[in-house]
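Engineer:
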Amino acid sequence: MKVAVVIPVHNRPLMSLAAVRSVLRQTYKDFELIVVDDGSTLEMDAVRREVESGGGTFVTQPHAGVAAARNLGVRHSRGEWVAFLDSDDRWLPDKLEVQCAFHQEHPECRISQTEELWYRNGVRVNPRERHAKPNGDAFARSLDLCCISPSSVMVDCALLLENGGFDEAMRVCEDYDLWIRIALTHQVGYIELPLVEKFGGHSDQLSRSEPAMDRFRVYSLIKLAQSAELAPEADQAVRETIRKKTKVLLKGSRRRRNDSFSELLEAILKLAKQPSYGATKARWLAFASRERLIESMAGQAVFDGVSLEPRSVNE
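In this text, residue positions in the sequence shown follow our numbering: the first is 1, and each later residue adds one.
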């Protein structure tokens, strides 16, 4: 099975080089490597040379964010499957081999993820319980907090395209948005072996408050409700998550006396409290267009310390 490996990069030349080398050292060799430079302002020639000397493709684009970079990489690919790797993460040498074997043994499974090793400031740390990866039905578990990690995922390219790829309007939580759309209708395979190394704590890694991120999660959940006829159980889980997150956002908005945003949140909260009886999609569609929602939920230049310029892949 042919695998397209897509790495979005923005600056971080040394980390990006390490990520690329971890792919080129894979024991499984039937892959194509595509690195997308998302408008780097630092010298990336060493990364380009490493990619091209290993038979890969190095693509550049004006700075547009990680979602656009991943989508561009997929468009340049020819693989039946796609695996993503963030520029500050690395794969262990047998990552692709183990994951490909899993999919050959489970042909019904169109997406999977592996376990990970986490490091912060060079020290091994254990993920919190809330980050535990689900096996199989990942939808409900992923609503509050994304439990699917891009660097550990392998996904059928056709499934990715069927779901529209990453939403380029989202500056953060673009992975959350895509994975819950896929997990709504597909089981997510889980490989217990830790085959990815994730590194945190470096100076160019921006911190974000949970409420700020939740603006995008609420937008994503409303978008999901607008586009899918949700089964009763899924509908209830989505509405409960919207209510929970919107209450927190509304409390902060009132404290900051943001009246217009508070009015929007109050309307969202009221709608999320209503039982669906099969009418969820129509009600959410009547509530607001996606364009209005993304502008209202995330259209400020800065909120809660989070920049809403197109998200760079080093954030």
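Beta carbons: idealized from backbone N, C-alpha and C, even for Gly.
What residue range is occupied by the uninterrupted alpha helix (DSSP H) comprising residue 262?
Structural biologist: 259 to 273
Engineer: Considering only C-alpha positions, which residue in the set 135, 194 and 87 is nearest to residue 127?
Structural biologist: 194
Engineer: Quick check on residue 73: buried or exposed, where buried means 16 or more other Cβ atoms within 10 Å of its Cβ?
Structural biologist: buried
Engineer: Whole angstroms is fine: what's the gap from residue 163's alpha carbon to residue 182's?
Structural biologist: 7 angstroms
Engineer: Please say whether residue 228 and residue 238 have beta carbons closer to each other than 7 angstroms?
Structural biologist: no
Engineer: Counting beta carbon pairs with one atom in the region 38 to 47 and one in the region 111 to 128, are three or more of them shorter than 8 angstroms?
Structural biologist: Contact between the region 111 to 128 and the region 38 to 47 is absent: fewer than three C-beta pairs spanning the two stretches fall below 8 angstroms.
Engineer: Quick test of your reading: residue 87 and residue 19, contact by CB under 8 angstroms. State the CB separation rounded to the nearest angstrom.
Structural biologist: 5 angstroms
Engineer: Helix, strand or coil: which one does DSSP assign to residue 73?
Structural biologist: helix
Engineer: Nearest-angstrom Cα distance between residue 154 and residue 111?
Structural biologist: Between the alpha carbons of residue 154 and residue 111 lies a distance of about 6 angstroms.
Engineer: Alpha carbons only, please: which of 13, 98, 138 and 9 is nearest the one belonging to residue 29?
Structural biologist: 98
Engineer: Which residues in the same chain have their Cβ closer than 6 angstroms to the Cβ of residue 184, if we skip the five residues on either side of it in sequence?
Structural biologist: 139
Engineer: By Cβ distance below 7 angstroms, which residues in the same chain neighbour residue 345 in space, the five residues on each side in sequence not counted?
Structural biologist: Only positions 1 to 315 of the chain appear in this structure, which leaves residue 345 out of reach.
Engineer: Between 36, 65, 137 and 152, which lies nearest to residue 192 when the distance is taken from Cα to Cα?
Structural biologist: Per the Cα distances, 152.
Engineer: Would you give the residue range spanned by the alpha helix (DSSP H) that residue 180 belongs to?
Structural biologist: 174 to 183
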